[in-house]
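Engineer:
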Amino acid sequence: MHLPALSLLLPLALAGPIKFRQADAGCTDTSMKNFAWTVKDFDFHANYIFSTPAHQNSWGYTTFDLYNPADKSTTHCSAASNQLTDFFYGTIQYACDDSRANFNFSRPTNQLGVYQSWNCDDQDPQYPITFTGTGAANLQLDCSESFYQNPNWTIGAIYSRRDITCVLADHEVKPYEMTAIA
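Following this line, the structure appears as structure tokens:
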């Protein structure tokens, strides 16, 4: 008597779970709403080495990973400079591993500039949207210095060495300009 009614419900009971729409915003929505890059493990360090009292060989280095939340990509960015005395002045664009991203850095102000373009095809794969963003952030760096001068210096030895090291840190960089071309 109730068997026909139960047989109608059986296919529904055996069906798989209902798939709910993913909570993550798509590439286009993320690009258009509150977009910000994440700079992961930003590092600045520098070495000022004098092999004699008059001969200096000094370099500054910066490195970090740039995460784009829209296309969920990460690219590695790094640069080295021997431009004394702060090495980085925000005047040179350095390329990241992904050629669509580059950056500049000013050590006197600790300002990091980011430029990146990316494509989103989640709205219409046949006509992807190309986004380009330019942003900047003043980084709060926690740096320390050490200095050593060789009291018994002789030719061929290091006369003095000054090192600057900063704690690795994550930072958010918001764009101040965004364009989209469909």
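Residue numbers -15 to -1, 1 to 167, in mature numbering (1 follows the signal peptide of the UniProt record, and there is no 0), belong to the letters of the sequence shown in order.
Glycine residues also receive a C-beta, built at the ideal position from the N, C-alpha and C atoms.
Keep in mind the model is a prediction, meaning the values are calculated, not measured.
1. I'd like to confirm the pairing. Which residues does DSSP put opposite glycine 123 in its beta bridges?
2. Just to confirm the assignment: which complete beta strand (DSSP E) runs, minimum length 3, are found wholly within the stretch 11 to 56?
3. Starting from residue 180, follow the beta strand (DSSP E) in both directions and report where the run begins and ends.
4. State the DSSP-derived secondary structure class of tyrosine 79, mapped to helix, strand or coil.
5. So, for aspartate 82: in the same chain, excluding its five sequence neighbours on each side, which residues have a beta-carbon less than 8 Å away from its beta-carbon?
6. Please identify the residue among Phe90, Tyr144 and Asn67 whose C-alpha is closest to the C-alpha of tyrosine 74.
7. In the DSSP assignment, what are the bridge partners of proline 160?
8. Can the beta-carbon of asparagine 123 be found closer than 8 Å to that of threonine 94?
9. Between the Cα of isoleucine 149 and the Cα atoms of Tyr52, Tyr133, Asn87 and Asp107, which residue gives the shortest distance?
10. Do the stretch 151 to 164 and the stretch 133 to 143 make contact, defined as three or more Cβ pairs closer than 8 Å?
11. Between the Cα of tyrosine 52 and the Cα atoms of Ser102, Thr37, Asp106 and Val24, which residue gives the shortest distance?
12. So is alanine 167 in contact with chain D if we call contact Cβ pairs under 8 Å?
13. Use the C-beta contact count for serine 66: other C-beta atoms within 10 angstroms, 16 or more gives buried, fewer gives exposed.
14. Less than 8 Å between the C-beta atoms of tyrosine 100 and alanine 86, yes or no?
15. Where does glycine 141 land, buried or exposed, given buried means 16+ other C-beta within 10 angstroms?
Structural biologist: Let me lay it out:
1. By 1-based counting over the sequence shown, the position of residue 123 is 138. The sequence given here places asparagine at residue 123; glycine does not occur at that position. Asparagine 123 is bridged to Gln96.
2. 22 to 37 and 40 to 53
3. This structure does not reach residue 180, given that the chain is present from -15 up to 167, and the question cannot be answered.
4. Mapped onto the sequence shown, residue 79 falls at position 94. Three-state DSSP puts tyrosine 79 in a strand.
5. What you label residue 82 is simply residue 97 of the sequence shown in a count that begins at 1. Taken in chain order, the residues that qualify are Thr60, His61 and Cys62.
6. On the sequence shown, position 89 is the one that residue 74 refers to. Among Phe90, Tyr144 and Asn67, the Cα nearest to that of tyrosine 74 belongs to Phe90.
7. Along the sequence shown, read from residue 1 onward, the residue named residue 160 stands at position 175. DSSP output for proline 160 lists Gly120 as bridge partner(s).
8. Within the sequence shown, residue 123 is the residue found at index 138, counting from 1. Within the sequence shown, residue 94 is the residue found at index 109, counting from 1. Yes, the pair counts as a contact, with Cβ atoms nearer than the cut-off.
9. Counting from one through the sequence shown, the residue named residue 149 turns up at place 164. Nearest C-alpha to isoleucine 149: Tyr133.
10. no
11. Taking the sequence shown and counting its residues from 1, the one referred to as residue 52 is at position 67. When only C-alpha atoms are compared, the closest one is Val24.
12. Included in the structure is just one protein chain, with no chain D present.
13. Taking the sequence shown and counting its residues from 1, one reaches residue 66 at position 81. It counts as buried.
14. In the sequence shown, the residue the question calls residue 100 occupies position 115. In the sequence shown, the residue the question calls residue 86 occupies position 101. Closer than 8 Å, so yes.
15. Position 156 of the sequence shown, counted from the start, is the residue given in the question as residue 141. Its Cβ having fewer than 16 others within 10 Å, glycine 141 is exposed.
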